[in-house]
Amino acid sequence: MPSTRSATSERPEENRQQLEEKAGTLQMGACPGNGHSILPVAVPPTCWRPPVLFSSGTEPNRWITSLEIFLKASGLPRCQWAVAALNHMDSAIQERLTARLGDDVNDYEVLKADLKKMFIPLKSEMSLRAEFCRLRQRPGEPVDAFAIRVQEAGERIWMTELQIVDRFREGTNSRAVLMALLEKEPTTMDEARRTALKAVEIEEASRSMDFDNNSPYDRRMEELTGALNRLITRLDDRLPPRERTTKPAPTSDTYQRKHPATIEARLENWKNTMCATEVTEPHANIPSPRDGWKEARVKRIIR
Numbered sequence: 534m535p536s537t538r539s540a541t542s543e544r545p546e547e548n549r550q551q552l553e554e555k556a557g558t559l560q561m562g563a564c565p566g567n568g569h570s571i572l573p574v575a576v577p578p579t580c581w582r583p584p585v586l587f588s589s590g591t592e593p594n595r596w597i598t599s600l601e602i603f604l605k606a607s608g609l610p611r612c613q614w615a616v617a618a619l620n621h622m623d624s625a626i627q628e629r630l631t632a633r634l635g636d637d638v639n640d641y642e643v644l645k646a647d648l649k650k651m652f653i654p655l656k657s658e659m660s661l662r663a664e665f666c667r668l669r670q671r672p673g674e675p676v677d678a679f680a681i682r683v684q685e686a687g688e689r690i691w692m693t694e695l696q697i698v699d700r701f702r703e704g705t706n707s708r709a710v711l712m713a714l715l716e717k718e719p720t721t722m723d724e725a726r727r728t729a730l731k732a733v734e735i736e737e738a739s740r741s742m743d744f745d746n747n748s749p750y751d752r753r754m755e756e757l758t759g760a761l762n763r764l765i766t767r768l769d770d771r772l773p774p775r776e777r778t779t780k781p782a783p784t785s786d787t788y789q790r791k792h793p794a795t796i797e798a799r800l801e802n803w804k805n806t807m808c809a810t811e812v813t814e815p816h817a818n819i820p821s822p823r824d825g826w827k828e829a830r831v832k833r834i835i836r
């Protein structure tokens, strides 16, 4: 006996899904110009409801499917689908897509592909934010490659330019780059990358000019210098003591007698003594110390 069940009852999941999509949202009407075909068309005032406003927490594939069903049912030309899709998006996402695509934002296929590419679910976005905050420059990684990696990770989760620059500054392992970024305070990643590359070049140039580097030539020169110093020390130990050819230092008495200050003091004392003698004995036949020849003679006597 043949089964009386319908074909739709054999696939309950598909049947339920189709009923959920059509329930209360679409009316069946005759296609204009063809009385034999029944197609889904918009029958005012009842029509297929537009999708919800697309935001960062919306699942893109389901939203795009709902949008395309709505656009097909409304009879909107395909050349206007991109504009209609943008009108059903959040303003922040509209600006993001317009900045990324430029003139291609009017192409619906390009818009749909870029929307799927840049969209991240909420849970994944939180994990990527945590990963972005933990970014560090790897040992041996060039500073330019690290800057590109930070910028791509920041743009993936819609970080601002200043937040990306801060992550790049905090994640670098070069002190020279860190000090240069703190001094210049760049506001864009292009400026930060140029500042970092310049700091790295200066650091490498100063390191190559340093005498204490580990090049083989410098190590060989240090070994030869040490050997030469040891040889000179051994020769000095084996040679007999050399005679002193320099003039011996004057004794304290000789130094005291020949010191200019001592000579002037003795001459002044002698002048005072002669003046006192002249006052007490005015008629004494004593030559005056003011005479030039007497002063010269006194200096010779003192010496």
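So for the sequence shown, my numbering puts the first residue at 534; every next one is plus one. All residues carry an ideal CB built from backbone N, CA and C; glycine is no exception.
Going by DSSP, what residues sit across from residue i in a beta bridge?
i	result
Met587	Note on identity: in this sequence residue 587 is Phe, with Met being the wrong assignment. According to DSSP, which records beta bridges pairwise, Phe587 is partnered with Met622.
Roughly how far, in whole angstroms, is the beta-carbon of residue i from the beta-carbon of residue j, given that I think they are within contact range, below 8 Å?
i	j	result
Leu668	Asp647	With a Cβ gap of about 25 Å, Leu668 and Asp647 do not count as contacting.
His621	Pro584	6 Å
Ala732	Val698	Not quite, the Cβ-Cβ distance comes to about 15 Å (not below 8 Å), so this is no contact.
Ala738	Ala713	Actually they are not in contact, since the Cβ atoms of Ala738 and Ala713 sit about 14 Å apart, beyond 8 Å.
Ala606	Leu644	Between Leu644 and Ala606 the Cβ distance is about 20 Å, and since that is not below 8 Å, they are no contact.
Trp596	Leu604	With 8 Å as the limit, Trp596 and Leu604 do not qualify as a contact, their Cβ atoms being about 12 Å apart.
Do residue j and residue i count as a contact pair if the criterion is CB distance below 8 Å?
i	j	result
Thr721	Glu685	no
Ala709	Ile690	no
Met692	Phe665	yes
Phe587	Asp640	no
Arg700	Gly687	yes
Which class does residue i belong to by DSSP, given the choice of helix, strand or coil?
i	result
Pro593	helix
Leu730	helix
Arg700	helix
Gly608	coil
Arg708	helix
Asp636	helix
Thr579	Only weak support is given to the placement of Thr579: the predicted model assigns it a pLDDT of 42, under 50, and the value that follows is read from those uncertain coordinates. The answer is strand: DSSP assigns Thr579 an E or B state.
Phe652	coil
Met807	helix
Gly673	coil
Leu668	coil
Thr693	coil
Thr721	coil
Gln560	With a pLDDT of only 39 at Gln560, under the threshold of 50, the placement of this residue in the model should not be trusted, and no figure is reported.
Does the beta carbon of residue i come closer than 8 Å to any beta carbon on chain E?
i	result
Arg669	In the structure shown, chain E does not exist; there is a single protein chain.
Contact the stretch 627 to 637 vs the stretch 655 to 670: 3+ CB pairs below 8 Å = no
Taking 8 Å as the threshold, find out whether the stretch 665 to 681 comes into contact with the stretch 701 to 713 through three or more Cβ pairs.
-> yes
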